[in-house]
Amino acid sequence: LTERLQNAMSKLRRKGKISETDVREAMREIRLALLEADVNFGVVKDFVKTVRERAIGSEVLESLTPAQQIVKIVDEELTKVMGEEATALNKSPHIPTIIMMVGLQGAGKTTTAGKLAYRLKENDQARPLFIAADVYRPAAIEQLQVVAQQVGAPVFELGTDVDPREIVRQGLAQAVENKNDYVIIDTAGRLQIDEKLMQELADIKELAQPSEILLTVDAMTGQNAVNVAESFNQQLDITGVVLTKLDGDTRGGAALSIRAVTGKPIKFTGQGEKLTDLDVFHPDRMADRILGMGDMLTLIEKAQTDYDEEKANKLAEKMQENTFDFNDFIDQLDQVQKMGGIQDILKMMPGMNNVPGLDQIQMGPKETGHMKAVVSSMTPAERTDPDLLNPSRRRRIAAGAGRPIQEVNRMIKQFKESRKMMSKMSNGNFDGMDQMFGQ
Ligand code: GDP
Ligand code: MG
6 LTERLQNAMS KLRRKGKISE TDVREAMREI RLALLEADVN FGVVKDFVKT
56 VRERAIGSEV LESLTPAQQI VKIVDEELTK VMGEEATALN KSPHIPTIIM
106 MVGLQGAGKT TTAGKLAYRL KENDQARPLF IAADVYRPAA IEQLQVVAQQ
156 VGAPVFELGT DVDPREIVRQ GLAQAVENKN DYVIIDTAGR LQIDEKLMQE
206 LADIKELAQP SEILLTVDAM TGQNAVNVAE SFNQQLDITG VVLTKLDGDT
256 RGGAALSIRA VTGKPIKFTG QGEKLTDLDV FHPDRMADRI LGMGDMLTLI
306 EKAQTDYDEE KANKLAEKMQ ENTFDFNDFI DQLDQVQKMG GIQDILKMMP
356 GMNNVPGLDQ IQMGPKETGH MKAVVSSMTP AERTDPDLLN PSRRRRIAAG
406 AGRPIQEVNR MIKQFKESRK MMSKMSNGNF DGMDQMFGQ
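This is the structure we're talking about:
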C-alpha cells in the first residue's frame, strides 16, 4: 500500500503545475493502491471521491505547491477515515471496570489481555483479575496463566468442564470480594464465526455488563478482518477494536476499513508478542505510516512557514528568463539554511532517508559561509555572468575569499550545472522545494 501510494504521490510531486487530469490520474492510482491493500470497496470509493473534490474544488491547483497540498489532503482524509483522534479505554464509574476480549481463534485475545493488564498496572497501578472463560482448548487456560504470571496478576479459573457463563459469574463475584479494579475476561474463539459461539458471548455480555468489549482482529487477514469486525459488531455491539500483528508484513488495509465499516474505533494496535508491544492507536500517525511519508508533512509545514513566497516567484521568473545568477544562488542558500539545512530537508523526504552517501553532503552553516565569501569576492559583473570567470579571475577570487582555488572551481561548476538544470525546466512553474532540488 505504502509503495504504491508513494509512487502516485511522487509522480504528482515531480510536476510543477498540476492539471485536473493529473489529479484524476493520481486518484486512480490511489484507488488501486487502496483496493490492492484490501481496503473495503465502499470505503475506497468514498475516500477517493472526497479527496478528488477537495483537490479540484479548492485553490489547490492554483497554489505554489499543488502536489504537496494534495499529499496533505490525502493524509488528512486517511486520518479522518480512521477516526481522527486516539480513543481511550472506557472506564466504569464503580469498580471493577470489566473488559471482555472477543475475536476469532488466534487473533490475539489472550496475548492482548496480558498486554492490557500490564499497561493498566504500569500506568494506573491497577489490580486486574483475569477470568479464564475459554474452555474449549485445554491449553488456553494454561496460556493465560503464563501470561498472567508475567504480568503479576491473578487468574480466576474453573477448568474446562464448567460452562463459561458460570465461570464468569463466579469470577466477577471474586473480583468484587477482592476489590479488583479491573476484570479482563478472556473468551473463546472459533476459526470462523458461528452461532453457538456468538450466543455464548452474548450471554456473557448480558451477565457481565462490560464497559468495554474489545474485538481483537489480526491485521494480516486483510479483508476478512473487516468482515469479522462487521459481524461481531452486529451481534455484540462492540466498543472498540484491537488490531494485532501490525508488526508483521501487513498491508494495513484493515486499519482503514474497520472504523468506516463498523463505526467503532480502533483503540490499540499489537506490534509484537511481548507484553510491552501494545500501542495506543493514533489515526494521524497511522496515516503517515500508510503514506510512508517519513516526516514529509513536517517538511511541508516547515516549507510553508519558512519559504518566502515572493522570493520563490521571483526565482521562477529568473529561471524562465535564464537570468539566474550568483546573487540568486546566495539567496537560495539562505532559504535552505532557514529551513534547517539541506541534510535535514533531504532526511525528511520520503525515500531519501536511505540514500547512501547522504551524510556526505556537507552544506552546513560553515560551508554556506564559505560559498558566500567566494561570491562576495566577485565583481557585480562576474556575479551576473559567470562566463567571465577565467582562470586568473578565479585565482583572484580564491585569494580574496581565502578559499582554495579547487573550491572556487567546484562551486562555479555546481552553479553552472544548476543553472543548466533550471533552464531545462524553463517553462515549468516554480514548485517550491521539488525543483529547487531538481527532483
Ligand atoms: P487468541 O486465540 O485470540 O487468544 O490468540 P493468542 O493471544 O493466543 O495469539 C495467537 C498468536 O498470535 C500467538 O502466537 C501470539 O504470540 C501471537 N500474537 C498476538 N498478538 C500479536 C502481535 O501483535 N504481533 C505478533 N507478531 N504476534 C502476535
Ligand atoms: Mg486465547
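Here the sequence shown stands for residues 6 to 444, where the numbers follow UniProt numbering. Every residue gets a Cβ at the ideal spot worked out from N, C-alpha and C, and that includes glycine.
Coil, strand or helix - ILE198 by DSSP:
Residue 198 sits at position 193 when you count from the first residue of the sequence shown. In the structure shown, ILE198 sits in coil (DSSP, three-state: anything other than H, G, I, E or B).
For the beta strand (DSSP E) containing MET105, name the first residue and the last one.
As a first step, residue 105 must be located in the sequence shown, where it is residue number 100. Counting along the chain, the unbroken beta strand (DSSP E) around MET105 starts and ends at 102 to 107.
Closer than 8 Å is the cut-off here; do at least three beta carbon pairs connect the stretch 105 to 122 with the stretch 240 to 254?
A contact exists between the stretch 105 to 122 and the stretch 240 to 254.
Give the secondary structure of LYS184 by DSSP, where H, G and I count as helix, E and B as strand, and everything else as coil.
Sequence index remark: in the sequence shown, residue 184 carries index 179 (1-based). Correct three-state label for LYS184: coil.
Does the stretch 200 to 216 come close enough to the stretch 257 to 274 to have 3 or more Cβ pairs within less than 8 Å?
Touching, no, given that fewer than three Cβ pairs across the two stretches are closer than 8 Å.
Is ASP139 near the ligand MG, with its Cβ less than 7 Å from a heavy atom?
Numbered from its first residue, the sequence shown carries residue 139 at position 134. Yes.
So, for GLU34: in the same chain, excluding its five sequence neighbours on each side, which residues have a beta-carbon less than 6 Å away from its beta-carbon?
On the sequence shown, residue 34 is found 29 positions in, with the first residue counted as 1. Here the set comprises ALA13.
Excluding sequence positions up to five away, which residues of its chain have a Cβ less than 7 Å from the Cβ of residue 2?
Here the chain has residues from 6 to 444 only, and residue 2 is not among them.
How about LYS120: is its Cβ closer than 7 Å to a heavy atom in the ligand MG?
On the sequence shown, position 115 is the one that residue 120 refers to. No - the ligand MG has no heavy atom lying nearer than 7 Å to the Cβ of LYS120.
Apart from the five residues on each side of it in sequence, which residues of its chain come closer than 6 Å, Cβ to Cβ, to LEU10?
In the sequence shown, residue 10 corresponds to position 5, counting from 1. So the list reads ALA38, LEU296, once near-sequence residues are dropped.
Hey, would you say the C-beta of LYS114 is under 7 Å away from at least one heavy atom of the ligand MG?
Residue mapping note: residue 114 aligns to position 109 of the sequence shown, counting from 1. At least one heavy atom of the ligand MG is nearer than 7 Å to the Cβ of LYS114, so yes.
C-beta atoms of ILE78 and VAL28 nearer than 8 Å:
Here residue 78 is taken as the residue at index 73 of the sequence shown, counted from 1. Here residue 28 is taken as the residue at index 23 of the sequence shown, counted from 1. No, the Cβ-Cβ distance between ILE78 and VAL28 is not below 8 Å.
Cβ-Cβ separation, ASN238 to THR274 (assumed contact under 8 Å), whole Å
Here residue 274 corresponds to residue number 269 of the sequence shown, with the count starting at 1. Here residue 238 corresponds to residue number 233 of the sequence shown, with the count starting at 1. About 18 Å; that fails the 8 Å criterion.
DSSP bridge partner residues for VAL156 (one or two, in chain order):
As a position in the sequence shown, residue 156 is number 151, starting the count at 1. Answer is none; VAL156 lacks a bridge partner.
Spell out the partners DSSP gives ASP191 in its beta bridges.
For the purposes of this step, residue 191 is identified with residue 186 of the sequence shown, where counting begins at 1. According to DSSP, which records beta bridges pairwise, ASP191 is partnered with MET106, ALA137.
Using the C-alpha atoms, what's the distance from LYS16 back to PRO355?
Start at 1 with the first residue of the sequence shown, and residue 355 comes out as number 350. Start at 1 with the first residue of the sequence shown, and residue 16 comes out as number 11. Any answer about PRO355 is weak, because its pLDDT of 49 lies below 50 and its placement is not dependable; what the coordinates show is given next. Distance between the alpha carbons of PRO355 and LYS16: 13 Å.
Could you round the C-beta distance between PHE286 and ALA91 to whole angstroms and report it? I think they count as a contact, below 8 Å.
What you label residue 286 is simply residue 281 of the sequence shown in a count that begins at 1. What you label residue 91 is simply residue 86 of the sequence shown in a count that begins at 1. Sure, about 6 Å apart at Cβ, within 8 Å.
Pick from ARG36, ILE190, HIS375, ASP186: whose alpha carbon is nearest that of ARG174?
Against the sequence shown, residue 174 aligns to sequence position 169. Among ARG36, ILE190, HIS375, ASP186, the Cα nearest to that of ARG174 belongs to ILE190.
From what residue to what residue does the alpha helix (DSSP H) around ASP129 run?
By 1-based counting over the sequence shown, the position of residue 129 is 124. That run of the alpha helix (DSSP H) goes 114 to 129.
Roughly how many whole angstroms lie between the Cα atoms of ASN358 and SER97?
Position 353 of the sequence shown, counted from the start, is the residue given in the question as residue 358. Position 92 of the sequence shown, counted from the start, is the residue given in the question as residue 97. With a pLDDT of 49 at ASN358, under the threshold of 50, the predicted position of this residue should be treated as unreliable, though the coordinate-derived value follows. Answer to the nearest angstrom: the Cα atoms are 46 Å apart.
Is the beta carbon of ALA93 sitting closer than 8 Å to the one on PRO133?
Position 88 of the sequence shown, counted from the first residue, corresponds to residue 93. Position 128 of the sequence shown, counted from the first residue, corresponds to residue 133. Taking 8 Å as the Cβ cut-off, ALA93 and PRO133 do not qualify as a contacting pair.
Would you mind working out which of ASN229, ASP282, ARG264, PRO143 sits nearest VAL48, comparing C-alpha positions?
As a working note, residue 48 is residue 43 in the sequence shown. Nearest C-alpha to VAL48: ARG264.
Considering only the beta carbon of each residue, do LEU83 and LEU283 sit closer than 8 Å?
Here the question's residue 83 lines up with position 78 in the sequence shown. Here the question's residue 283 lines up with position 278 in the sequence shown. Not closer than 8 Å, so no.
Write down the C-beta distance between ASN95 and GLU217 rounded to the nearest angstrom, noting that I regard them as a contact closer than 8 Å.
Along the sequence shown, one-based indexing puts residue 95 at 90. Along the sequence shown, one-based indexing puts residue 217 at 212. Yes, they are in contact, since the Cβ atoms of ASN95 and GLU217 sit about 5 Å apart, within 8 Å.
Measuring from the CB of residue 5, is there a heavy atom of the ligand MG at a distance below 7 Å?
Examination of residue 5 is not possible in this model, given that the chain is present from 6 through 444 alone.
Could you check the C-alpha separation between GLU8 and ARG57 for me, to the nearest Å?
Position 3 of the sequence shown holds residue 8. Position 52 of the sequence shown holds residue 57. For GLU8 and ARG57, the distance between alpha carbons rounds to 20 Å.
In angstroms, rounded to a whole number, what distance separates the CA positions of ASP43 and ARG124?
Within the sequence shown, numbered from 1, the residue matching residue 43 stands at position 38. Within the sequence shown, numbered from 1, the residue matching residue 124 stands at position 119. ASP43 and ARG124: Cα-Cα distance of roughly 31 Å.
Taking Cβ to Cβ, would you say ASP139 is nearer than 8 Å to ARG170?
Against the sequence shown, residue 139 aligns to sequence position 134. Against the sequence shown, residue 170 aligns to sequence position 165. Cβ atoms of ASP139 and ARG170: not closer than 8 Å.
Simplified DSSP assignment, three categories, for VAL44:
In the sequence shown, the residue the question calls residue 44 occupies position 39. Look at VAL44 here: in three-state DSSP terms it is coil, with no helix or strand label.
Specify the secondary structure class of GLU90 as computed by DSSP and reduced to three states.
Residue numbering aside, residue 90 sits at position 85 when the sequence shown is read from its first letter. It is coil, neither helix nor strand.
Thinking C-alpha only, which one of ALA406, ALA234, GLU412, GLN130 is nearest ASN45?
Counting from 1 along the sequence shown, the entry for residue 45 is found at position 40. If we check each option's Cα against that of ASN45, ALA234 comes out closest.
Which residues mark the beginning and the end of the alpha helix (DSSP H) in which LYS272 is found?
The residue given as residue 272 occupies position 267 in the sequence shown. It is not in any alpha helix (DSSP H) - LYS272 instead sits in the beta strand (DSSP E) that spans 271 to 275.
Counting along the chain, where does the alpha helix (DSSP H) carrying GLY258 start and finish?
Here residue 258 refers to the residue found at position 253 when the sequence shown is read from its first residue. Unbroken alpha helix (DSSP H) run through GLY258: 258 to 267.
Cα-Cα separation between GLU372 and SER423, rounded to whole angstroms:
As a first step, residue 372 is located in the sequence shown; it is residue number 367 there, counting from the start. As a first step, residue 423 is located in the sequence shown; it is residue number 418 there, counting from the start. Going from the Cα of GLU372 to the Cα of SER423 covers about 17 Å.
Can you tell which of PRO385, THR389, GLN411 has its C-alpha closest to the C-alpha of PRO396?
Indexing the sequence shown from 1 puts residue 396 at position 391. Ranking PRO385, THR389, GLN411 by Cα distance to PRO396 puts GLN411 first.
Please work out which residues of its chain come closer than 8 Å, Cβ to Cβ, to ALA153, disregarding the five sequence neighbours upstream and downstream, and give them in chain order.
Your numbering for residue 153 matches position 148 in the sequence shown. Correct list, in chain order: GLY119, ALA122, PHE135, PRO159, VAL160.
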